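Q:
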Amino acid sequence: MLTVNQIVSLLELPGVANKTVEKLIPLLPDGALHNLDIYDVLIENRLAKGLTIDIYESVFFKTSFLLEKLEHLNLKVYSRFDTEFPLRLKTIPNPPLLIYVQGDIKCLTSRPTVAVIGTRTPTDFGYKMG
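Sequential numbering from 1 applies to the sequence shown in my numbering.
(1) So, under 8 Å CB-CB, K76 and V101 are touching, yes? Tell me the CB distance rounded to an integer number of Å.
(2) Using three-state DSSP, classify K69 as helix, strand or coil.
(3) Below 8 Å, how does it come out for the stretch 83 to 96 and the stretch 42 to 55: are there three or more Cβ pairs, yes or no?
(4) To test your reading of the DSSP string, which unbroken alpha helix (DSSP H) runs of 4 or more residues are found completely within the stretch 85 to 110?
(5) Go ahead and pull the three-state DSSP assignment for K62.
(6) So what does DSSP say about K76, is it helix, strand or coil?
(7) Do P93 and F65 have their beta-carbon atoms positioned less than 8 Å apart in this structure?
(8) Which residues mark the beginning and the end of the alpha helix (DSSP H) in which T20 is found?
(9) Among Y127, K106, T121 and V41, which one has its Cα closest to the Cα of E22?
(10) Assuming contact is defined by CB atoms lying nearer than 8 Å, are R80 and P95 in contact in what I supplied?
(11) Alpha carbon to alpha carbon, what distance is there between Y127 and V4?
(12) Excluding the five sequence neighbours on either side, which residues of its own chain have a C-beta within less than 8 Å of the C-beta of A67, listed in chain order?
(13) Taking C-alpha atoms, which residue in P29, I55, H34 and N35 lies nearest to L13?
(14) Taking the alpha carbon of S58 as the point to measure from, which residue in Y39, H72, N45 and L73 has its own alpha carbon closest?
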């Protein structure tokens, strides 16, 4: 399964967004993955047009520094595949691949909860939710 580092890196690639990563996940073999294995699957399935190995490796290298910066800001990144990821978020339509949390993630599993969520391009579901 993909690690947080791998998901963040994939989302940093040009032309790759959540939908591309969602298409990629079922194509990957089970177990721990080497970054180059992921690259091969992206290329073989034409999920990242114009992606070169140099760009790919550069983004994966830079992601380590990005995650270190987030750690210094006391921000933790959780993927949908982490056991700590809130179950209620997993059950919504189109659940996020990642959440960025500052503070105790256990607060997201207790009731009542408050969340601040934003997007530049809301879906119809988002409009309905207000």
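All C-beta atoms, glycine included, are put in the ideal place defined by N, C-alpha and C. Predicted, not measured: the structure shown is a model, and the values here were computed from it.
A: According to the structure shown:
(1) Along the sequence shown, read from residue 1 onward, the residue named residue 76 stands at position 76. Along the sequence shown, read from residue 1 onward, the residue named residue 101 stands at position 101. Yes, K76 and V101 are in contact; Cβ-Cβ is about 5 Å, under 8 Å.
(2) On the sequence shown, residue 69 is found 69 positions in, with the first residue counted as 1. Of the three classes helix, strand and coil, the one that applies to K69 here is helix, per DSSP.
(3) no
(4) 87 to 90
(5) If you number the sequence shown from 1, residue 62 lands on position 62. K62: helix per DSSP, three-state reduction.
(6) Translated into positions along the sequence shown, residue 76 becomes position 76. It is a strand residue.
(7) Translated into positions along the sequence shown, residue 65 becomes position 65. Translated into positions along the sequence shown, residue 93 becomes position 93. Not in contact: F65 and P93 (Cβ atoms no closer than 8 Å).
(8) Reading the sequence shown from its first residue, position 20 is the one you call residue 20. Looking at the DSSP string, the run of the alpha helix (DSSP H) that includes T20 is N18 to L24.
(9) Translated into the one-based positions of the sequence shown, residue 22 becomes position 22. When each option's Cα is compared against that of E22, the closest is V41.
(10) What you label residue 80 is simply residue 80 of the sequence shown in a count that begins at 1. What you label residue 95 is simply residue 95 of the sequence shown in a count that begins at 1. Going by C-beta atoms, R80 is nearer than 8 Å to P95.
(11) Numbered from 1 along the sequence shown, position 4 holds the residue referred to as residue 4. Numbered from 1 along the sequence shown, position 127 holds the residue referred to as residue 127. If you take the alpha carbons of V4 and Y127, they lie about 29 Å apart.
(12) As a first step, residue 67 must be located in the sequence shown, where it is residue number 67. The sequence as given places Leu at residue 67; Ala does not occur at that position. The answer, listed in chain order, is V4, N5, V8 and V77.
(13) Here residue 13 is taken as the residue at index 13 of the sequence shown, counted from 1. The shortest Cα separation from L13 among P29, I55, H34 and N35 belongs to I55.
(14) As a first step, residue 58 is located in the sequence shown; it is residue number 58 there, counting from the start. Among Y39, H72, N45 and L73, the Cα nearest to that of S58 belongs to Y39.
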